[in-house]
Every structure is written in C-alpha cells, then in structure tokens.
Amino acid sequence: MESFADRLKEEIEYQGLTRKELAYKADIKVRALDMYLGTQASMPPADVAVRLAKALNVTVEYLVMGENTEKNENFRENSSLEKQLKSLSPSVRQVFERAIRLFSEDEARKELNQ
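So for the sequence shown, our numbering puts the first residue at 7; every next one is plus one.
Pasting the structure below:
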C-alpha cells in the first residue's frame, strides 16, 4: 500500500524535480519536505499538502489518499496545457484562445441541434 511519502517521491521523480525545487515551489523548507519523504514520514498539515499538490499539479486527494482517478489525470493535463498556453507569445496565445472558443461554441450548437 502506497503512503503519502511514496506518492510524493513518485511525483518528484516523474516530474524530474529536485527536493529543493519542490520545496521552493511549495514554499516550504527542504527540511520539512525531507520529513514528509523519510522512512518515518509524517503527514503534513493540510495547508502544506495543498501547496505540495499545487506545486506538483496533482490533486490533494491523490497525494493524501492515493485516489488516482481520472480527475487527477485531467487536473495534470489541464495544468500542463495551461503552462504551455502561458509560454506562448501573446499574439499566438490569442489565436489559440479564439480557436478554443469557436470550437466550444460550435460543439454547443451541435449539442442543441441534436
């Protein structure tokens, strides 16, 4: 049975982060992070669990309870797409955002006409 520490380690490795990078992103001390990763790992306070989940782009439910649901995968995908959109130049981002709006409106019209 995977623990919080196991899932945390797995996500750090999956995302290619160092402990220092994650600690910085989650605004916690490396020593605190080490406590959550150790062999006698403790569960972090709720606010820290939330910050770690946000820093790793996963749901809190997944980190704390191991619920690797479709919701978690969608959360990770959406966060990744959001990062990619933000990395585009403003003019290119506008083109993508308009295309998404037009596609969404077209899909909504199709739903209404069925």
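For every residue, glycine included, the Cβ atom is placed at its ideal position computed from N, Cα and C. Quantities reported herein were computed from a predicted structural model and do not represent experimental measurements.
For residue 58, which residues of its own chain have a beta-carbon under 6 angstroms away from its beta-carbon, when the five flanking residues on both sides are left out?
On the sequence shown, position 52 is the one that residue 58 refers to. Closer than 6 angstroms at the Cβ level, and outside the excluded window around residue 58, lie 32.
Rounded to the nearest angstrom, how far is the Cβ of residue 43 from that of residue 55, given a contact under 8 angstroms?
In the sequence shown, the residue the question calls residue 43 occupies position 37. In the sequence shown, the residue the question calls residue 55 occupies position 49. Going by Cβ atoms, the distance from residue 43 to residue 55 rounds to 13 angstroms, so no, they are not a contact pair.
Please report the residue range of the alpha helix (DSSP H) in which residue 21 lies.
Taking the first residue of the sequence shown as position 1, residue 21 is located at position 15. In the DSSP assignment, residue 21 falls within the unbroken alpha helix (DSSP H) covering 10–21.
From the DSSP output, in three-state form, read off residue 94 for me.
Your numbering for residue 94 matches position 88 in the sequence shown. The three-state reading of DSSP puts residue 94 in coil, since its state is none of H, G, I, E or B.
Status (buried if at least 16 other CB within 10 Å, exposed otherwise) for residue 50:
Numbered from its first residue, the sequence shown carries residue 50 at position 44. Around the beta carbon of residue 50, 16 or more other beta carbons lie within 10 angstroms, which makes this residue buried.
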